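*Asks:* Be aware that the sequence shown starts at 1, since it is given in our numbering, and climbs by one per residue.
Virtual Cβ for every residue (Gly too), placed ideally from N, Cα, C.
These numbers come from a predicted model, not from an experiment.
Here it is, the structure, as structure tokens.
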Amino acid sequence: MDYSNLKAQDKEIFSNIEKEVKRQTEEMELIASENYVSKAVLEAMATVLTNKYSEGYPGKRYYGGNHVIDDVETIAIERAKKLFQAEHVNVQPLSGSPANAAVYFAFLKPGDKVLGLKLDHGGHLSHGHPVNFSGLLYNFVQYEVNNETGRVDMEMVERIAKKEKPKMIVAGYSAYSREIEWQRFKEIADKVGAITFADIAHTAGLIAAGEMDNPTPIFDVVSTTTHKTLRGPRGAMIMCKEEHAKKIDKSVFPGMQGGPHDHITAAKAVAFGEALRPEFKIYAKQVIKNCQILSDELSNLGYRIISNGTDNHLIVVDLNGNGFVGKDAEQVLERVGISISRSTIPNDPNPPYNPSGIRVGTPAVTTRGMKEAEMEQIAIWIDNALKNKDDQNKLKIIKDEVKAMCLDFPIPSI
Ligand code: DSN
1 MDYSNLKAQD KEIFSNIEKE VKRQTEEMEL IASENYVSKA VLEAMATVLT NKYSEGYPGK
61 RYYGGNHVID DVETIAIERA KKLFQAEHVN VQPLSGSPAN AAVYFAFLKP GDKVLGLKLD
121 HGGHLSHGHP VNFSGLLYNF VQYEVNNETG RVDMEMVERI AKKEKPKMIV AGYSAYSREI
181 EWQRFKEIAD KVGAITFADI AHTAGLIAAG EMDNPTPIFD VVSTTTHKTL RGPRGAMIMC
241 KEEHAKKIDK SVFPGMQGGP HDHITAAKAV AFGEALRPEF KIYAKQVIKN CQILSDELSN
301 LGYRIISNGT DNHLIVVDLN GNGFVGKDAE QVLERVGISI SRSTIPNDPN PPYNPSGIRV
361 GTPAVTTRGM KEAEMEQIAI WIDNALKNKD DQNKLKIIKD EVKAMCLDFP IPSI
């Protein structure tokens, strides 16, 4: 990118951007929800489309001068429909939680009952946590993963659904490494007359590539962020059956939001275009392969992986048996240039701010081109760093090695 104007005008911000470019270039990104966008996506975000107001939808705006924006938004919608076999798509949601808020707002009244996965079992804050708007406004009841298998307990889902008769059932998670039984959820929901809502923010790219099962043809409504595995700009979208289209659109605007971020809509369209290409399928396949190698290697090194493995881009590692808690592990790994996020484990005895586990993901390192051999090495570094947390010399050696590998695999957009 050409930053010459920014550099000349605002040295304070420019120097921080330069520092972040250096950090991203030299350090290893294993946060499961992060990725690197392409140059084309970055360029689309940095355009004059940000200057426009376009409340409304293509062909029906509340401001003049929107014929170009109409075309951009329509392209984004059509590409998303093709990617996910969606009947209707709204590409305006600003991010994941606002998208979920719009979904609830479309189908529920405050106080209505909703069934979602517990946060410490892999769910998301916006799936009914008591401190979040979702838990404050709606009456969430929650299902869990099975203690033995670490997989969603579908018997429990059915039992609770029959007892509680929720108006909506939510599936799709933030810290869950297995395929989701979308069809089974739908069958349970149909038995109790519930709306089915899938939040595929984490796995959207893998689903778009055909590497994981797609709930869009089955569920009433599906939300996703457009960053993460889908490798687009920060933002979100909602997909639904045609019969719910009006409800969803009304809920996003004027229900929840004002003007859409048109430069981001353009970048979403570019990212969807990339995801439709055959290379993206190869990328998604490698993301999963890399994660499975990382999981196997960490398991061989004595770490307990929740559900004993992964079908997607992430693993949750229980550090209880290794004498660590998540926050400390996160901090030690940051000292060697490896970013991961602390994570709760199912039935976590520790609080969310300092939970028992870490969540590790492969979307970003795979975008850099790393493969199986690099995953084996990363597992060794994680283990060595944790075991030598107080040995500054050893940590420094690992940091230098991590940096050397990162420099061998440049980020495509930098
Ligand atoms: N913050 C995202 C994640 O890390 O999963 C979800 O909101």
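List in chain order the residues whose CB is within less than 5 Å of at least one heavy atom of the ligand DSN.
*Replies:* Qualifying residues, in the order they occur: S33 and S174.
*Asks:* Might you give, ordered along the chain, the residues of its own chain that have their beta carbon closer than 7 Å to the beta carbon of G430, omitting 5 neighbours on each side?
*Replies:* Absent from the structure is residue 430, since the part of the chain shown begins at 1 and ends at 414.
*Asks:* Tell me which residues share the same chain as V91 and place their Cβ nearer than 7 Å to its Cβ, disregarding the 5 neighbours each side in the sequence.
*Replies:* So the list reads E73, A76, I77, A80, M237, T265 and K268, once near-sequence residues are dropped.
*Asks:* What are the complete beta strand (DSSP E) segments, minimum 3 residues, inside the stretch 225 to 252?
*Replies:* For the stretch 225 to 252, whole beta strand (DSSP E) runs of length 3 or above, ordered along the chain, are 236 to 240.
*Asks:* Look at the alpha carbon of L285 and the alpha carbon of Q9, and state the distance between them as a whole number of angstroms.
*Replies:* The residue you asked about is not Leu; residue 285 is Lys in the sequence shown. Cα-Cα distance, rounded: 43 Å.
*Asks:* Tell me whether I13 is buried or exposed, calling it buried when 16 or more other Cβ atoms sit within 10 Å of its Cβ.
*Replies:* Exposed, since its Cβ has fewer than 16 Cβ neighbours within 10 Å.
*Asks:* So the alpha helix (DSSP H) A40 belongs to, where does it begin and stop?
*Replies:* Counting along the chain, the alpha helix (DSSP H) containing A40 begins and ends at K39 to M45.
*Asks:* Given that a residue counts as buried once 16 or more other Cβ atoms are within 10 Å of its Cβ, and exposed if not, what is M256?
*Replies:* With 16 or more other Cβ atoms within 10 Å, it is buried.
*Asks:* Based on DSSP bridge pairs, tell me the residues matched to G361.
*Replies:* Bridge partners of G361: L314.
*Asks:* What residue range is occupied by the uninterrupted beta strand (DSSP E) comprising F324?
*Replies:* Run containing F324: none; DSSP gives neither H nor E here.
*Asks:* Go ahead and pull the three-state DSSP assignment for S413.
*Replies:* DSSP places S413 in coil when its eight states are reduced to three.
*Asks:* Ordered along the chain, which non-local residues of its own chain (more than five positions away) have a Cβ less than 8 Å from that of R159?
*Replies:* Nothing meets the Cβ criterion.
*Asks:* Alpha carbons only, please: which of D112, A385, R184 and Y53 is nearest the one belonging to M154?
*Replies:* Considering only alpha carbons, the answer is R184.
*Asks:* Using the C-alpha atoms, what's the distance from V325 back to A379?
*Replies:* Looking at the two C-alpha atoms, the distance is approximately 18 Å.
*Asks:* With S215 and A201 assumed to form a contact (beta carbons below 8 Å), what rounded beta-carbon distance in angstroms separates them?
*Replies:* Here residue 215 is Pro; the residue named in the question, Ser, does not match the sequence. The Cβ separation is near 12 Å, so there is no contact.
*Asks:* For A99, name the three-state secondary structure that DSSP assigns.
*Replies:* Helix.
*Asks:* Can you name, in chain order, every residue of its own chain whose Cβ lies under 8 Å from the Cβ of D213, other than the five neighbours on each side?
*Replies:* E179, I180, W182 and I207, listed in sequence order.
*Asks:* Mapping the DSSP letters down to three states, classify K60 as helix, strand or coil.
*Replies:* K60 falls in the strand class under three-state DSSP.
*Asks:* Given this structure, state the Cα-to-Cα distance separating E297 from M375, to the nearest angstrom.
*Replies:* So the two alpha carbons sit approximately 8 Å from each other.
*Asks:* Look up R277 in the DSSP assignment and say whether it is helix, strand or coil.
*Replies:* Of the three classes helix, strand and coil, the one that applies to R277 here is coil, per DSSP.
*Asks:* Using beta-carbon positions only, say whether I340 and E330 come within less than 9 Å of one another.
*Replies:* Yes; because the gap between Cβ atoms is below 9 Å, this pair is in contact.
*Asks:* For S38 versus V270, is the C-beta distance shorter than 9 Å?
*Replies:* Their beta carbons are under 9 Å apart, which means S38 touches V270 by this criterion.
*Asks:* Using the three-state DSSP reduction, which class does I416 fall into: helix, strand or coil?
*Replies:* An answer regarding residue 416 cannot be provided, because it is not within the stretch 1 to 414 covered by the chain.
*Asks:* Using the Cα positions of F272 and N100, report the straight-line distance between them to the nearest angstrom.
*Replies:* Computed Cα separation, rounded: 21 Å.
*Asks:* For V89, I'd like the list of residues in its chain whose CB is within less than 7 Å of its CB, leaving aside the five on either flank, ordered along the chain.
*Replies:* If we look at V89 and ignore the five residues flanking it on each side, its Cβ neighbours are I77, A80, K81, M237 and M239.
*Asks:* I'd like to know whether the C-beta atoms of L119 and Y143 end up nearer to each other than 9 Å.
*Replies:* Not a contact, by the Cβ cut-off of 9 Å.
*Asks:* On a CA-only basis, which of L6, N5, A40 and K11 is nearest I414? Give me that one, please.
*Replies:* For the residues L6, N5, A40 and K11, the minimum Cα distance to I414 belongs to A40.
*Asks:* Using 8 Å as the cut-off, classify the Cβ of P110 as near or not near the heavy atoms of the ligand FAD, replying yes or no.
*Replies:* Looking for the ligand FAD in the displayed structure turns up nothing; the ligands present are the ligand DSN.
*Asks:* To test your reading of the DSSP string, which unbroken alpha helix (DSSP H) runs of 4 or more residues are found completely within the stretch 131 to 185?
*Replies:* The stretch 131 to 185 contains these whole alpha helix (DSSP H) runs: 133 to 137 and 154 to 164.
*Asks:* What separation, rounded to the nearest whole angstrom, lies between the Cα atoms of E401 and K167?
*Replies:* Whole-angstrom Cα-Cα distance: 52 Å.
*Asks:* Going by DSSP, which residues form a beta bridge with I305?
*Replies:* Its beta-bridge partners are V317.
*Asks:* Short check: CB of K113 to CB of V152, under 9 Å?
*Replies:* Going by C-beta atoms, K113 is not nearer than 9 Å to V152.
*Asks:* Name the DSSP bridge partner or partners of G116?
*Replies:* Beta-bridge pairing links G116 to Q142.
*Asks:* Please report the residue range of the alpha helix (DSSP H) in which S341 lies.
*Replies:* Here S341 belongs to no alpha helix (DSSP H); instead the beta strand (DSSP E) covers S341 to S343.
*Asks:* Rounded to a whole number of angstroms, what is the C-alpha to C-alpha distance between N35 and E242?
*Replies:* Their backbone Cα atoms lie some 31 Å apart in a straight line.
*Asks:* Three-state secondary structure (DSSP) at H127?
*Replies:* H127: helix per DSSP, three-state reduction.
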